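Each remark here refers to the structure printed beneath this line.
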Amino acid sequence: MSVRLALRADGSDRIGLGHVMRCGALANALVAAGATPVWLTTTPQHLPADLAPAIKIVTLDSDDDLVDQLGSEQVHHLVADWKFTEAERVAALRRQGFHVTLIGNFLHGAIPDLHIRQGFLPGLSPSGSRALSGPKYLLLSDSYANLPARKVRAAARHVLLSLGGTHTPLLARIRAILARAFPAIDCEWRGPATDGPVPPLSQALQAADIGILAGGTSLHEAAATGLPTLCVPIAANQLDRAEQFESVGLGLSLNPEDPGFDRQFETELTALITDVERRQAMARTGQALVDGDGAGRVARHLIGLAATGSVESQ
70 MSVRLALRAD GSDRIGLGHV MRCGALANAL VAAGATPVWL TTTPQHLPAD LAPAIKIVTL
130 DSDDDLVDQL GSEQVHHLVA DWKFTEAERV AALRRQGFHV TLIGNFLHGA IPDLHIRQGF
190 LPGLSPSGSR ALSGPKYLLL SDSYANLPAR KVRAAARHVL LSLGGTHTPL LARIRAILAR
250 AFPAIDCEWR GPATDGPVPP LSQALQAADI GILAGGTSLH EAAATGLPTL CVPIAANQLD
310 RAEQFESVGL GLSLNPEDPG FDRQFETELT ALITDVERRQ AMARTGQALV DGDGAGRVAR
370 HLIGLAATGS VESQ
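For the sequence shown, the numbering used here puts the final residue at 383, and the numbers step up evenly by one.
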């Protein structure tokens, strides 16, 4: 009998798309590994375009319906990636016999059975729970696995600007800088989330010479493709990942709240465009660190737990 697990994630122009994109990668990896996942969501209009047909989509009115839906689907293992995790809800689910895995770095006091942290550096769970952590466990689509080494062009002509799925005035601000100061650059840009399946970013990342990205899941994707990137985090919860990104040599990070950001952005981008050796080093570092098989590793781990009923780390 196939192992059944449930995923719980939403996406929108208010909370972004990172939650659904990494859960989509995990859901597809679960299918590839022989499981039968159910996806519980309040935003069925914002799901990845490449979801496997075997994934059952169940629409919730709210998380108050979660226990009833898990019961009707006969699922005892829940993998949740909430924007804001309610500690008491997690505790109640565990008291009722559900195994709860949480994805993300901010648990807001919740204590899961397993914590899947997302970042470039491994670390312990703040909850004290068992954790899968570090670049080996980054949840990326299989389109990021086994990519060839990036060929870094001497002339950087194509920039990809993508600041995630939420609305931010920084997008227009950076587009204006690019139009004024970099007229020779071809800029491809992606805007906030719109209704309908969420298209993957992998081809655009691979086609670009330089990325200008926020501090979310797209940083992990950029590293897997070896894309030299200038990171501009758009929210406080992205600052830690942006700092990790720069500290391990994957790219540069600029805080748009700092005075003089516009001038610093122009200076750093100019330097990156002209320094091919630096871009080559960033590309090699990213692809050496992130191999794109994190979703497969996590899927196999979860299937092992669900098959045995164990909450112990493999």
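Built from N, CA and C at the ideal position, the CB exists for glycine as well. What you are looking at is a predicted structure, and each value in this text was computed from that prediction instead of being measured.
Please report the distance separating the alpha-carbon of residue 156 from that of residue 194. 15 Å
Can you give the beta carbon distance from residue 91 to residue 286, rounded, assuming they're within the 8 Å contact cut? 6 Å
Tell me whether residue 257 is buried or exposed, calling it buried when 16 or more other Cβ atoms sit within 10 Å of its Cβ. exposed
Have a look at the DSSP bridge pairing and note the partners of residue 266. Partner(s): none; residue 266 has no beta bridge.
Report, in whole angstroms, the separation of the C-beta atoms of residue 321 and residue 315, which I expect to be a contact under 8 Å. 6 Å
Residue ranges of each alpha helix (DSSP H) run of no fewer than 4 residues wholly in the segment 267–354, ordered along the chain? 271–276, 286–294, 308–316 and 330–343
My understanding is that residue 227 touches residue 293, with C-beta atoms under 8 Å, so please give their C-beta distance in whole angstroms. In fact, because the Cβ distance is near 18 Å, the residues do not count as touching under 8 Å.
Can residue 95 and residue 375 be called in contact, C-beta distance under 9 Å? no
Does residue 121 come out as helix, strand or coil in the three-state DSSP assignment? coil
Three-state secondary structure (DSSP) of residue 91: helix
Span separating the alpha-carbon of residue 383 from that of residue 361: Below a pLDDT of 50, predicted positions are generally treated as unreliable, and residue 383, at 32, falls in that range; no measurement from the model is reported.
Do the CB positions of residue 222 and residue 133 come within less than 9 Å of each other? no
Residue 84 classed as buried or exposed, judged by whether at least 16 other C-beta atoms fall within 10 angstroms: buried
Tell me where the alpha helix (DSSP H) around residue 243 begins and ends. 239–250
Are the CB atoms of residue 197 and residue 186 within a distance shorter than 9 Å? no
DSSP state of residue 382 mapped onto helix, strand, coil: Only weak support is given to the placement of residue 382: the predicted model assigns it a pLDDT of 34, under 50, and the value that follows is read from those uncertain coordinates. Coil, per DSSP.
Exposed unless 16 or more other CB atoms sit within 10 angstroms - verdict on residue 113: exposed
According to DSSP, simplified to helix, strand and coil, what is residue 370? helix
Residue 303 and residue 99: beta carbons closer than 9 Å? no
Candidates 305, 348, 238 and 199: which alpha carbon is nearest residue 172's? 199
What does the Cβ neighbour count give for residue 346, buried or exposed, with the cut at 16 atoms within 10 Å? exposed
Just curious, the alpha helix (DSSP H) that residue 79 is in, first and last residue? From DSSP, residue 79 is part of no alpha helix (DSSP H); its letter is neither H nor E.
Euclidean distance between Cα positions of residue 328 and residue 105: 50 Å
Taking residue 159 as part of the beta strand (DSSP E), name the residues at either end of that continuous run. Note, residue 159: premise wrong, no beta strand (DSSP E); alpha helix (DSSP H) at 156–164.
Under 9 Å, do residue 154 and residue 127 count as touching if we go by C-beta distance? no
Would the segment 132–148 count as touching the segment 114–122 if we require 3 or more Cβ pairs under 8 Å? no
Going by DSSP in three states, residue 35 sits in which element: helix, strand or coil? Residue 35 falls outside the range modelled here, since the chain spans only 70 to 383, and no answer is possible.
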